[in-house]
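Chemist:
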Amino acid sequence: MSIEFFQQVDALTEAGQLRRLSGAFARFIASVGDSSPQLMAACVLLSELEGRGHSCLMLDELNADPAALLGWSGEEWRGLRASVGDWPADTDAWCDLLARCVQVWPVGGDQHHQPLVLDGERLYLRRYWQDETHVAQAVRSRALGGVLAADADVQTAGIRRWLDNLFPHAPRGGSVDWQKIACAVAMRGKLGIITGGPGTGKTYTVARLLALLFATAGEERQAGLRVALAAPTGKAAARLKQSIDTALDELAEKVGDELPLRELAARMGAARTLHSLLGARPDTRAFQHHAGNQLDVDVLIVDEASMIHLEMMSALLAALPETATLILLGDKDQLASVEAGAVLGDLCHNAEAGEYLPETLSYVQAATGQRIPEPFEGHGGPIAQQTVMLRESRRFGGPIGALALAVNAGDAAAALHVLREGLDGKVAWTDMAQPADLLQLALGGYQPYLQLIKQAPAEADQLVWVKSVLKSFEGFRILCAVREGEWGVSGLNEAIEQRLQKAGLLKRSGEWYIGRPVMVTRNDYATGVFNGDIGLTLPDPARPGALRVYFAEGEAVRSVLATRLRNVETAFAMTVHKSQGSEFAHTAMVLPKDGGGMLARELIYTGITRARDYFTLLTPNGQVLLDAIGQRTQRASGLRSQLEN
Numbered sequence: 001m002s003i004e005f006f007q008q009v010d011a012l013t014e015a016g017q018l019r020r021l022s023g024a025f026a027r028f029i030a031s032v033g034d035s036s037p038q039l040m041a042a043c044v045l046l047s048e049l050e051g052r053g054h055s056c057l058m059l060d061e062l063n064a065d066p067a068a069l070l071g072w073s074g075e076e077w078r079g080l081r082a083s084v085g086d087w088p089a090d091t092d093a094w095c096d097l098l099a100r101c102v103q104v105w106p107v108g109g110d111q112h113h114q115p116l117v118l119d120g121e122r123l124y125l126r127r128y129w130q131d132e133t134h135v136a137q138a139v140r141s142r143a144l145g146g147v148l149a150a151d152a153d154v155q156t157a158g159i160r161r162w163l164d165n166l167f168p169h170a171p172r173g174g175s176v177d178w179q180k181i182a183c184a185v186a187m188r189g190k191l192g193i194i195t196g197g198p199g200t201g202k203t204y205t206v207a208r209l210l211a212l213l214f215a216t217a218g219e220e221r222q223a224g225l226r227v228a229l230a231a232p233t234g235k236a237a238a239r240l241k242q243s244i245d246t247a248l249d250e251l252a253e254k255v256g257d258e259l260p261l262r263e264l265a266a267r268m269g270a271a272r273t274l275h276s277l278l279g280a281r282p283d284t285r286a287f288q289h290h291a292g293n294q295l296d297v298d299v300l301i302v303d304e305a306s307m308i309h310l311e312m313m314s315a316l317l318a319a320l321p322e323t324a325t326l327i328l329l330g331d332k333d334q335l336a337s338v339e340a341g342a343v344l345g346d347l348c349h350n351a352e353a354g355e356y357l358p359e360t361l362s363y364v365q366a367a368t369g370q371r372i373p374e375p376f377e378g379h380g381g382p383i384a385q386q387t388v389m390l391r392e393s394r395r396f397g398g399p400i401g402a403l404a405l406a407v408n409a410g411d412a413a414a415a416l417h418v419l420r421e422g423l424d425g426k427v428a429w430t431d432m433a434q435p436a437d438l439l440q441l442a443l444g445g446y447q448p449y450l451q452l453i454k455q456a457p458a459e460a461d462q463l464v465w466v467k468s469v470l471k472s473f474e475g476f477r478i479l480c481a482v483r484e485g486e487w488g489v490s491g492l493n494e495a496i497e498q499r500l501q502k503a504g505l506l507k508r509s510g511e512w513y514i515g516r517p518v519m520v521t522r523n524d525y526a527t528g529v530f531n532g533d534i535g536l537t538l539p540d541p542a543r544p545g546a547l548r549v550y551f552a553e554g555e556a557v558r559s560v561l562a563t564r565l566r567n568v569e570t571a572f573a574m575t576v577h578k579s580q581g582s583e584f585a586h587t588a589m590v591l592p593k594d595g596g597g598m599l600a601r602e603l604i605y606t607g608i609t610r611a612r613d614y615f616t617l618l619t620p621n622g623q624v625l626l627d628a629i630g631q632r633t634q635r636a637s638g639l640r641s642q643l644e645n
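Residue 1 is where the sequence shown starts when you use UniProt numbering, and the numbers rise one by one after that.
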């Protein structure tokens, strides 16, 4: 084992450039075989990248720009390389070296349950290679295996009749009705992927797809069609169910007695988190539902699919019967999961181009009466044929939408123009030297719900009051790009609490106090709360002096005694990552003094698109915004390559 190498690793760990887990993993690999410093360096970097959301280490990066790999300085990178000694000269040399290590399985070679896998020019932890391979195979199989059967013409005619009924109005200006096309494409296979930005009508579309599925199932199967709704977080699941119920209720008026939509919708049940759907069990990564005990569903609709990490997607596909239809909804341009993988981004990487084959174009025209324009024709693979991107936002047409589009396009000049103009007062940019401006904004933003708490009603009106407080709290939120420091979640939550207490809006006498917003940080199956759930601490009407935390779930409210919640943190400020699946009337996003090259446009875009009516950007350094807009998140992954092969 190289003493000099691990001394350098320890120094980088103490400097905050590496996780302790990365050095520990390399030491473990050294203990079970070859301990060459070159292999140890690859192990440290692989572990570190996995912690940053990558599913593998691209070996060609090892001889490229170190800043692109980990954001280190040249001095730090040179120090690590020097401690290794003989650094392989190129990618081929790395492949040759790793293929000879007993802890590495070169795909196609002899297997001995090695912990590392070398697949072409990518090095994996074994479980991530297995997950990625399974996802690629399962998704391709669904895209290829569900095409309409021998009576395709009859089926297509039935789909056309119902789609004309569900989409009676032609799109404005004779444009393409991508929502109608998305429904038709999803009916063609056992996989449908619908992507699009905020306000493009993903849940509007999927509600009509559900009606179409019920309608074409036939009277005998209608009542027994098993539909499940799910999302990565409780809030996203509740929003999905509420949106679909509203849309189906409106549709029921239009379709009349020919299709008992309300009756059929009532049988779907509540939307669930993916953990709940699969039957997560305490203290294990395994689920109750898996390949040997699959879900009892015919159709599974999953919203906010951009948040699904690689391991979860693999588990979901394993638990889903081959006969079931999987519909994924999500915005491919949003942040990916904090865990390894960017599955939706890989699946939809070319969604803008369409790349539809002649048989897809022919089917779409027969099923919808719509002709896909020539620019979207092409030679895409099977996943592309089952993917539709919704392109017109009905909600984000104003300044917030213009800002989001500019950021997503990497156009810093256009983004700055929108921010500086402050069009209609909908967007604003505040330069801050100190957090005082932000604290004043927080005071105004959180005052309404805290004032409402002081107006606690008689016990008979308790539920109505709780709902109104929860709704008021959703009117404003502070989102942070980072967790630590005075501009991060931890520093700002403490500062906001002190400012609100000074203003007399809350009384903090310990960990728990009336008005405290909290976010659950770990799944807790005993209390039924899950990572990412946000609740408010309010008096317990049944126990004088006791406190309960109330969680909104669509129109319903659930509560847990505060003393039973162990893994929570105060949530006046939260990370942009944790805000996915949520929407606030006024969103304030805080960028730090130094982005360190780790912030990218996906984070900025996601923060902006959490705002419904107003968006405020606050930063002590405007250059951080410009740098982030100019940088795209690139996660190392072999999924796209496997899908194409």
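Note that the Cβ used here is the ideal one computed from N, Cα and C, for glycine as well. Note that the structure is predicted; figures quoted are calculated from it, not measured.
1) Starting from the C-beta of residue 468, find all residues in its chain whose C-beta is less than 7 angstroms away, skip the five residues before and the five after it, and write them out in chain order.
2) What's the gap between the Cα of residue 255 and the Cα of residue 185?
3) Residue 124 lies in the beta strand (DSSP E); which residues open and close that run?
4) Between which residues of its own chain and residue 579 is the CB-CB distance below 6 angstroms, once the five residues before and five after are set aside?
5) Between which two residues does the alpha helix (DSSP H) holding residue 40 run?
6) Can you name the start and end residues of the beta strand (DSSP E) that residue 559 belongs to?
7) Are residue 378 and residue 353 close, meaning C-beta to C-beta below 8 angstroms?
8) Inspect the CB distances between the stretch 495 to 509 and the stretch 555 to 568 and report whether three or more fall short of 8 angstroms.
9) Using the C-alpha atoms, what's the distance from residue 18 back to residue 104?
10) Ordered along the chain, which non-local residues of its own chain (more than five positions away) have a Cβ less than 6 angstroms from that of residue 613?
11) So the beta strand (DSSP E) residue 417 belongs to, where does it begin and stop?
12) Could you check what DSSP says for residue 273 in three-state terms: helix, strand or coil?
13) Which residues in the same chain have their Cβ closer than 7 angstroms to the Cβ of residue 99, if we skip the five residues on either side of it in sequence?
14) On the CB-based measure, 16 or more other CB atoms within 10 Å of its CB, does residue 73 come out buried or exposed?
15) Which residues share a DSSP beta bridge with residue 431?
16) With DSSP run on the structure shown, which of helix, strand or coil describes residue 577?
17) Got a sec, what are the start and stop residues for the alpha helix (DSSP H) residue 95 sits in?
18) Is the CB-CB distance between residue 115 and residue 29 below 8 angstroms?
19) Taking 8 angstroms as the cut-off, does the stretch 597 to 604 touch the stretch 565 to 572 (at least 3 CB pairs, one atom from each stretch)?
20) Quick one: grab the DSSP three-state call for residue 569.
21) Could you round the C-beta distance between residue 251 and residue 281 to whole angstroms and report it? I think they count as a contact, below 8 angstroms.
22) Hey, would you say residue 234 sits closer than 8 angstroms to residue 532, going by beta carbons?
23) Residue 538 and residue 466: beta carbons closer than 8 angstroms?
24) Closer than 8 angstroms, CB to CB, is residue 255 near chain C or not?
25) In this structure, how does DSSP classify residue 408 when only helix, strand and coil are distinguished?
26) My understanding is that residue 128 touches residue 317, with C-beta atoms under 8 angstroms, so please give their C-beta distance in whole angstroms.
27) Considering residue 234, what are the terminal residues of the beta strand (DSSP E) in which it resides?
28) Exposed or buried, residue 477, counting other C-beta atoms within 10 Å across all chains shown (16 or more means buried)?
29) In whole angstroms, what is the alpha-carbon distance linking residue 495 and residue 391?
30) I'd like the list of long-range same chain contacts for residue 622, defined as Cβ closer than 7 angstroms, with 5 residues on each side in sequence excluded.
31) Using the rule of at least 16 other Cβ atoms within 10 Å of the residue's Cβ for burial, across every protein chain shown, is residue 272 buried or exposed?
32) Would you please state the rounded distance, in angstroms, between the beta carbons of residue 37 and residue 84? I believe it to be under 8 angstroms.
33) Hey, out of 320, 464, 326 and 429, whose CA is closest to residue 289's CA?
34) Over the uninterrupted alpha helix (DSSP H) stretch that includes residue 710, give me the two end residues.
35) I need the DSSP call for residue 612, collapsed to helix, strand or coil.
36) Please list, in chain order, all residues of the same chain as residue 607 whose beta carbon is under 6 angstroms from its beta carbon, the five residues on each side excluded.
Modeler: Quick look at the numbers:
1) Walking along the sequence shown from the start, residue 468 turns up at place 468. Correct list, in chain order: 452.
2) For the purposes of this step, residue 255 is taken as the residue at position 255 of the sequence shown. For the purposes of this step, residue 185 is taken as the residue at position 185 of the sequence shown. Distance between residue 255 and residue 185, taken at the CA atoms: about 22 angstroms.
3) Working through the sequence shown from its first residue, we reach residue 124 at position 124. Unbroken beta strand (DSSP E) run through residue 124: 122 to 125.
4) By one-based count along the sequence shown, residue 579 stands at place 579. Beyond the five residues adjoining it in sequence on each side, residue 579 comes within less than 6 angstroms, by CB distance, of 479 and 610 in the same chain, given in chain order.
5) Here residue 40 is taken as the residue at index 40 of the sequence shown, counted from 1. Annotation: the continuous alpha helix (DSSP H) that includes residue 40 extends over 37 to 51.
6) The residue you call residue 559 lines up with position 559 of the sequence shown. Looking at the DSSP string, the run of the beta strand (DSSP E) that includes residue 559 is 556 to 561.
7) Along the sequence shown, one-based indexing puts residue 378 at 378. Along the sequence shown, one-based indexing puts residue 353 at 353. Remark: C-beta atoms of residue 378 and residue 353 approach each other more closely than 8 angstroms.
8) Touching, no.
9) The residue you call residue 104 lines up with position 104 of the sequence shown. The residue you call residue 18 lines up with position 18 of the sequence shown. Approximately 23 angstroms between the Cα atoms of the pair.
10) Here residue 613 corresponds to residue number 613 of the sequence shown, with the count starting at 1. A distance below 6 angstroms between beta-carbons, with the five flanking residues on each side excluded, links residue 613 to the following residues of its chain, in chain order: 585.
11) For the purposes of this step, residue 417 is identified with residue 417 of the sequence shown, where counting begins at 1. Careful: residue 417 lies outside any beta strand (DSSP E), inside the alpha helix (DSSP H) at 412 to 421.
12) Mapped onto the sequence shown, residue 273 falls at position 273. In this structure, DSSP gives residue 273 an extended state, which the three-state scheme calls strand.
13) Walking along the sequence shown from the start, residue 99 turns up at place 99. Once the five neighbours on either side are set aside, the close Cβ partners of residue 99 are 106 and 118.
14) Taking the sequence shown and counting its residues from 1, one reaches residue 73 at position 73. Residue 73 is exposed by the Cβ-count criterion.
15) Along the sequence shown, read from residue 1 onward, the residue named residue 431 stands at position 431. Per DSSP, 619.
16) In the sequence shown, residue 577 corresponds to position 577, counting from 1. Taken through DSSP and simplified to helix, strand or coil, residue 577 comes out as helix.
17) Taking the first residue of the sequence shown as position 1, residue 95 is located at position 95. Looking at the DSSP string, the run of the alpha helix (DSSP H) that includes residue 95 is 91 to 99.
18) Sequence index remark: in the sequence shown, residue 115 carries index 115 (1-based). Sequence index remark: in the sequence shown, residue 29 carries index 29 (1-based). Judged by their CB atoms, residue 115 and residue 29 are nearer to each other than the 8 angstroms cut-off.
19) No, they do not touch.
20) Here residue 569 corresponds to residue number 569 of the sequence shown, with the count starting at 1. Strand at residue 569.
21) As a first step, residue 251 is located in the sequence shown; it is residue number 251 there, counting from the start. As a first step, residue 281 is located in the sequence shown; it is residue number 281 there, counting from the start. Going by Cβ atoms, the distance from residue 251 to residue 281 rounds to 38 angstroms, so no, they are not a contact pair.
22) Position 234 of the sequence shown, counted from the first residue, corresponds to residue 234. Position 532 of the sequence shown, counted from the first residue, corresponds to residue 532. The criterion of a C-beta distance shorter than 8 angstroms is satisfied by residue 234 and residue 532.
23) Position 538 of the sequence shown, counted from the start, is the residue given in the question as residue 538. Position 466 of the sequence shown, counted from the start, is the residue given in the question as residue 466. Against a cut-off of 8 angstroms, the Cβ pair of residue 466 and residue 538 comes out as a contact.
24) Within the model displayed, chain C is absent; a lone protein chain is all it includes.
25) The residue labelled residue 408 in the question sits at position 408 within the sequence shown. Helix, per DSSP.
26) Position 128 of the sequence shown, counted from the first residue, corresponds to residue 128. Position 317 of the sequence shown, counted from the first residue, corresponds to residue 317. Contact flag wrong, Cβ pair sits at about 15 angstroms.
27) On the sequence shown, residue 234 is found 234 positions in, with the first residue counted as 1. Residue 234 -> not in any beta strand (DSSP E); alpha helix (DSSP H) instead, spanning 234 to 255.
28) Working through the sequence shown from its first residue, we reach residue 477 at position 477. Taking all protein chains in view, the Cβ of residue 477 is crowded by 16 or more other Cβ atoms within 10 Å, so the residue is classified as buried.
29) Along the sequence shown, read from residue 1 onward, the residue named residue 495 stands at position 495. Along the sequence shown, read from residue 1 onward, the residue named residue 391 stands at position 391. Their backbone Cα atoms lie some 41 angstroms apart in a straight line.
30) As a working mapping, residue 622 is identified with position 622 in the sequence shown. 431, listed in sequence order.
31) Along the sequence shown, one-based indexing puts residue 272 at 272. Buried is the call here.
32) As a working mapping, residue 37 is identified with position 37 in the sequence shown. As a working mapping, residue 84 is identified with position 84 in the sequence shown. Contact between residue 37 and residue 84 holds: CB atoms are separated by about 4 angstroms, below the 8 angstroms threshold.
33) Position 289 of the sequence shown, counting from 1, holds the residue named residue 289. The candidate whose alpha carbon is nearest that of residue 289 is 320.
34) No answer is possible for residue 710: the residues shown for the chain start at 1 and end at 645.
35) What you label residue 612 is simply residue 612 of the sequence shown in a count that begins at 1. Annotated three-state conformation of residue 612 is strand, per DSSP.
36) For the purposes of this step, residue 607 is taken as residue 607 along the sequence shown, with counting starting at 1. Counting only Cβ-Cβ distances below 6 angstroms, and skipping sequence neighbours, we find 479, 576 and 589.
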